[in-house]
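Same order as they appear, the protein sequences are chains A and B.
Count along the first sequence from 1, then add 14; that gives the number in this note's numbering.
Read in this note's numbering, the second sequence has -3 at position 17, and its numbers run on one by one without any break.
Every residue gets a Cβ at the ideal spot worked out from N, C-alpha and C, and that includes glycine.
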Amino acid sequence: MSTILTVTDLTKKFGHLTAVNSLSFSINKGNVYGILGPNGSGKSTTLGMILNVVNPSSGTFSWFDGAKNTHQALKRVGAIIERPNFYPYMTAAQNLRLVCRIKEVPKSKIEEKLELVDLLDRKNDTFKTYSLGMKQRLAIASALLNDPEILILDEPTNGLDPQGIAQVRGIIQKIAAQGATILLASHLLDEVEKVCSHVLVLQKGKRIYFGKVTALTTDHGYFELNATDLNALQKVLESHQDIEKIEVYNTHILAYPSKSMTATELSKSLSEQGIIITHFAQKHKSLEEQFLSLTKNQQP
Amino acid sequence: MKRLFLIEFDKLRTNRSSRILIGAYFILLTSIALIAAIKFDIGPIKFHLAEQGIFNFPYVWHFNAFIGAWFKIFLAVVIVSMTANEYSNKTIKQNLIDGLSKREFLHSKWIMIFAFAGISTLFIFVVSLILGLMYSNYTELGIIFSDFEYLLAYFLKLVAFFGFCLFLGTVIKRSAFALGFLGVWQMFEGICYGLLKWKSPSWIDADQVFRLFPLNAMSNLVPEPFTRLSAVRNLAEQVGEVMQTNSAVRFWDIVIVVLWSYIFYLLTYRLLKRRDL
């Protein structure tokens, strides 16, 4: 598998604040990566450094196995950072033409990409007349102009209305389905969970997890239960050999198995004990809960 | 090189205020020709400015290079605001992300500076040539094509001035403040000169030190042409004044101005390189 980006011990200090702290990770072709972290955890600073707009305090990064210098490599990358930045007085088509000149790609792609983000009929309107959702879609079209080997998106749905969010997500999913490599920074966990195969979790500039999303979310899950006799249920569960922990949550009892257990097994053993179940659900921790417990563990 | 030129040209071409300012600038440059129309005809006093020798070759090169430089502020506004807008629209950030290096970004601006200065010089050349051919008393080729150092000086003066503007636009990132600072700097140079004259010890030659100041060096490059005019000299002699002023382009002024241009280029690059966006 070919490596697109390798980051080694990257650090950025703003005065006495360390925004990114000795961060290392690598990105391989064909995967969709999410960078997760609360606001101010160093996501944008990290992206800023690999995109040549923020100078690293120390550490290195190399694009495409160091085959080219950063600005040459960036011509093969598509990136959107925070807000869409275009010349307000230029039309969409003029803005994209300028990007074509910078990236040295043929102008023939402009129409195709505008079509993809559904802006073809507005291509001759100036950028300043666009709504935020349209600006964001234009930014995506611009990032795709060179058919990039990797697409970098920083909070692509920030500030959009639900319709805009759905449109942008739809476009991202479409691109991801075509087998593109994507690096997506977001603090919206469901967004990452929906499209990403790998995840990098940052907190206060430090990496606290890097690996597959499934490895992060796969545990044995848990059961949410209720019965006519709650006390009896609790007793039975406590004495169950494969249940390591139980929790009372509102009117339900949450039971955490110590090994993987099917719903049938548990339900069977409960009915053998004479418990009449009124509610039964097998659940997995969402990425959000995993993320919260991860970041909580790291608190000093 | 062509790519960088086209990138900057696209940015300018699509901006309406830039188009208007650049258009106004070239119309004003051409309007030097209107001086030729200044004519008084009041009874016995007949005065036609064009006949006073201001359009004589090779003097016309000097005269027009001096007058033409007055209008450079129009292009300065364009350069400063185009640079400041790159910051306020954050398009400089997008340019870099799209794959332009910081050096390429700076070079695209400097190419525009050279283009502005070059086209202005060409304009002055053409306008002067036409005016000269119409009004000059001497039209021998050898005379026409002499004193070209004034055009070179004019070109270098514009390059240095625009380079200074680009630097200020990059440092201050706000066009109005950058232009304001340009005015403040002009005053600062004046005050420095005053202080030097007044307070400096005798072993310091205030005038020589003042020659090193950037704006003053630029203005020294094309000295005022009026005292060279025979009409003015005659007038001065009549009132018993002997004028001893320099009106030649001096080698050291060229060196100082070229050095300043290079310093502005380097400082701007250093700033671009160090600054996080």
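Which residues of chain B have a Cβ atom closer than 8 Å to the Cβ of residue i, listed in chain order?
i, result
"residue 67 of chain A", "73, 76, 77, 256 and 257"
"residue 100 of chain A", "69, 71 and 74"
So residue i contacts chain B; which residues on that side make the cut at Cβ distance below 9 Å?
i, result
"residue 104 of chain A", "-10, -9, -6 and -5"
"residue 75 of chain A", "Those do not exist, as residue 75 of chain A stays about 15 Å from chain B at its closest Cβ, beyond 9 Å."
"residue 149 of chain A", "In chain order: nothing, as chain B lies at least about 12 Å away."
Determine, for residue i, whether the minimum Cβ-Cβ distance to residues of chain B falls below 7 Å.
i, result
"residue 93 of chain A", "yes"
"residue 117 of chain A", "yes"
"residue 108 of chain A", "yes"
"residue 45 of chain A", "no"
"residue 123 of chain A", "no"
"residue 88 of chain A", "yes"
Taking the continuous alpha helix (DSSP H) assigned at residue i, which residues delimit it?
i, result
"residue 87 of chain B", "82 to 115"
"residue 5 of chain B", "-4 to 10"
"residue 186 of chain A", "176 to 191"
"residue 186 of chain B", "186 to 190"
"residue 162 of chain B", "155 to 179"
"residue -11 of chain B", "-18 to -7"
"residue 308 of chain B", "Residue numbering for chain B in the displayed model covers -19 to 257; residue 308 of chain B lies beyond these limits and cannot be assessed."
"residue 208 of chain A", "203 to 209"
Identify whether residue i lies in helix, strand or coil by the three-state DSSP scheme.
i, result
"residue 221 of chain A", "strand"
"residue 271 of chain A", "strand"
"residue 297 of chain A", "strand"
"residue 113 of chain A", "helix"
"residue 233 of chain B", "helix"
"residue 48 of chain B", "helix"
"residue 235 of chain A", "coil"
"residue 257 of chain A", "strand"
"residue 156 of chain A", "helix"
"residue 238 of chain B", "helix"
"residue 263 of chain A", "strand"
"residue 107 of chain A", "helix"
"residue 214 of chain B", "helix"
"residue 119 of chain A", "coil"
"residue 243 of chain B", "helix"
"residue 67 of chain A", "coil"
"residue 164 of chain A", "strand"
"residue 41 of chain B", "helix"
"residue 202 of chain B", "coil"
"residue 146 of chain A", "helix"
"residue 291 of chain A", "strand"
"residue 77 of chain B", "helix"
"residue 81 of chain A", "coil"
Residue i touches chain A at which residues, Cβ-Cβ below 8 Å?
i, result
"residue 155 of chain B", "Correct list: empty, because the minimum Cβ distance to chain A is about 15 Å."
"residue -14 of chain B", "115"
Starting from residue i, follow the beta strand (DSSP E) in both directions and report where the run begins and ends.
i, result
"residue 41 of chain A", "31 to 42"
"residue 26 of chain A", "17 to 28"
"residue 47 of chain A", "46 to 50"
"residue 283 of chain A", "Element bounds for residue 283 of chain A: not the beta strand (DSSP E) but the alpha helix (DSSP H), 277 to 286."
"residue 92 of chain A", "91 to 94"
"residue 194 of chain A", "Unbroken run through residue 194 of chain A: none, as it is neither H nor E."
"residue 21 of chain B", "19 to 22"
"residue 73 of chain A", "72 to 77"
Determine, for residue i, whether the minimum Cβ-Cβ distance to residues of chain A falls below 7 Å.
i, result
"residue 80 of chain B", "yes"
"residue -18 of chain B", "no"
Can you round the beta-carbon distance between residue i and residue j to whole angstroms, since I take them to be within the 8 Å contact cut?
i, j, result
"residue 88 of chain A", "residue 79 of chain B", "4 Å"
"residue 100 of chain B", "residue 9 of chain B", "7 Å"
"residue 236 of chain B", "residue 186 of chain B", "At roughly 16 Å, the Cβ-Cβ gap does not stay under 8 Å, so residue 236 of chain B and residue 186 of chain B are not in contact."
"residue 238 of chain B", "residue 136 of chain B", "6 Å"
"residue 230 of chain A", "residue 301 of chain A", "7 Å"
"residue 162 of chain A", "residue 90 of chain A", "6 Å"
"residue 72 of chain B", "residue 257 of chain B", "6 Å"
"residue 266 of chain A", "residue 293 of chain A", "7 Å"
"residue 241 of chain A", "residue 185 of chain A", "The Cβ separation is near 47 Å, so there is no contact."
"residue 70 of chain A", "residue 63 of chain A", "5 Å"
"residue 190 of chain B", "residue 123 of chain B", "The pair is not a contact, with the Cβ atoms about 34 Å apart (cut-off 8 Å)."
List, in order along the chain, the chain B residues whose C-beta lies closer than 7 Å to that of residue i?
i, result
"residue 113 of chain A", "78"
"residue 85 of chain A", "79, 80 and 81"
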